[in-house]
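Enquirer:
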Amino acid sequence: MNYTRIWTKNYGTLMLKRAQGKLPEMESSKNVSKILGKVISKKNKILDVGCGVGHYYISLKKRIKLDFEYVGIDVIGEYVKKAKILFKDEKNVKFSKGDIYEIPFQKNSFDIVMCNNFLHNLPSIAKPISELLRVSKKYVLIRTLVGERSFRIQEVRNSKWDVKSKTYPAREFKDNGEPTEYNFFNIYSKDYLKSLILRNVPNASYKFVFDISFNPKAIINSAKKEGKLQNATTIIDGIQVNGYILMPWTFIEIWKN
17 MNYTRIWTKN YGTLMLKRAQ GKLPEMESSK NVSKILGKVI SKKNKILDVG
67 CGVGHYYISL KKRIKLDFEY VGIDVIGEYV KKAKILFKDE KNVKFSKGDI
117 YEIPFQKNSF DIVMCNNFLH NLPSIAKPIS ELLRVSKKYV LIRTLVGERS
167 FRIQEVRNSK WDVKSKTYPA REFKDNGEPT EYNFFNIYSK DYLKSLILRN
217 VPNASYKFVF DISFNPKAII NSAKKEGKLQ NATTIIDGIQ VNGYILMPWT
267 FIEIWKN
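Residues are numbered in my numbering as their position in the sequence shown, beginning at 1, plus a constant of 16.
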């Protein structure tokens with residue numbers, strides 16, 4: 017599925033700097049590592065789907081003192097190349113190119129599967145959730161946007177006037193009203209997500225945890241540094257906001273009983 021256009025070179029550079037320690041650790045990375053620290057066992061295998069350049073591994077290594085094996089996959093080949101270079105000396109750490117719609121591993125290959133800050137950007141999530149559950153032996157952790165109702169949102173990419181050529185590099189909308197370039201910013205209802213989980217694993221247990229365990233100042237400071245990026249966020253009344261969109265970040269913990 018061709019959905020790679022939703023990520024940009026700027027985003028990849030930003031994540032690389034986080035993985036290198038040149039930018040502060042993401043608040044969501046901290047929380048992911050804390051949650052997994054409570055469920056992981058020695059020698060567990062972790063699969064990170066949508067791993068980027070491996071910035072989540074930094075947080076896992078920092079807080080989880082048990083030995084574990086980490087595998088990261090991402091559909092963007094350039095991210096994978098950078099991750100392989102950055103972590104080439106790390107033991108039990110591997111990166112490869114892989115699509116969440118067809119995860120390149122057998123059933124029950126990993127003890128823990130995680131997918132964070134990714135599903136809301138996809139055009140559909142039924143197959144991705146099925147794949148996450150398929151390759152997991154016992155536990156899946158997802159962080160995405162969850163509400164009481166579902167909203168399908170297209171975030172149209174800005175087109176700015178080019179002073180030199182006196183043209184728009186890319187107009188925001190085609191003549192038929194369709195956006196020229198966009199990414200999804202979807203919010204899914206708990207009921208829909210529950211149905212997808214139980215469709216694939218009828219006896220699964222699950223828990224939704226609204227993610228408010230973050231340092232607002234850290235996100236605001238990060239937004240200032242990322243101000244040139246279209247999707248830089250801030251905090252209003254304790255909730256992360258992207259443009260005009262409230263972001264109900266939620267962890268979904270799933271146990272395959």
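Glycine residues also receive a C-beta, built at the ideal position from the N, C-alpha and C atoms.
#1: Taking the DSSP output, what are the residues bridged to N133?
#2: When burial is assigned at 16 or more other CB atoms within 10 Å of the CB, is G163 buried or exposed?
#3: Applying the criterion that 16 or more other CB atoms from any shown protein chain within 10 Å of the CB defines a buried residue, is Y204 buried or exposed?
#4: What is the DSSP secondary structure of Y260, counted as helix, strand or coil?
#5: How many angstroms separate the CA atom of S211 from the CA atom of V217?
#6: Between the C-alpha atoms of S146 and G93, what's the straight-line distance to the nearest angstrom?
#7: What would DSSP say about T196, mapped onto helix, strand or coil?
#8: Tell me where the alpha helix (DSSP H) around S221 begins and ends.
#9: Are three or more beta carbon pairs between the segment 91 to 105 and the segment 65 to 72 nearer than 8 Å?
#10: With distances taken Cα to Cα, identify the nearest neighbour of E171 among Y198, I158, G193.
#11: Could you tell me how far apart the beta carbons of S166 and Y117 are, in whole angstroms, since I believe they sit closer than 8 Å?
#12: Does DSSP classify I62 as helix, strand or coil?
#13: Do the CB positions of S75 and M31 come within less than 9 Å of each other?
Expert: Looking at the coordinates:
#1: Along the sequence shown, read from residue 1 onward, the residue named residue 133 stands at position 117. DSSP lists no partner for N133.
#2: By one-based count along the sequence shown, residue 163 stands at place 147. By the neighbour-count rule (16 or more Cβ atoms within 10 Å), G163 is not buried but exposed.
#3: Start at 1 with the first residue of the sequence shown, and residue 204 comes out as number 188. With 16 or more Cβ atoms within 10 Å of its Cβ, Y204 is classed as buried.
#4: Working through the sequence shown from its first residue, we reach residue 260 at position 244. Residue state, collapsed to three classes: coil.
#5: Position 195 of the sequence shown, counting from 1, holds the residue named residue 211. Position 201 of the sequence shown, counting from 1, holds the residue named residue 217. S211 and V217: Cα-Cα distance of roughly 10 Å.
#6: Within the sequence shown, residue 146 is the residue found at index 130, counting from 1. Within the sequence shown, residue 93 is the residue found at index 77, counting from 1. Their backbone Cα atoms lie some 23 Å apart in a straight line.
#7: As a working mapping, residue 196 is identified with position 180 in the sequence shown. Correct three-state label for T196: coil.
#8: The sequence position of residue 221 within the sequence shown is 205, counting from 1. That residue, S221, is in no alpha helix (DSSP H); its beta strand (DSSP E) goes 221 to 226.
#9: yes
#10: If you number the sequence shown from 1, residue 171 lands on position 155. It is Y198.
#11: Residue numbering aside, residue 166 sits at position 150 when the sequence shown is read from its first letter. Residue numbering aside, residue 117 sits at position 101 when the sequence shown is read from its first letter. At roughly 20 Å, the Cβ-Cβ gap does not stay under 8 Å, so S166 and Y117 are not in contact.
#12: Against the sequence shown, residue 62 aligns to sequence position 46. Residue state, collapsed to three classes: strand.
#13: Along the sequence shown, one-based indexing puts residue 75 at 59. Along the sequence shown, one-based indexing puts residue 31 at 15. No; because the gap between Cβ atoms is not below 9 Å, this pair is not in contact.
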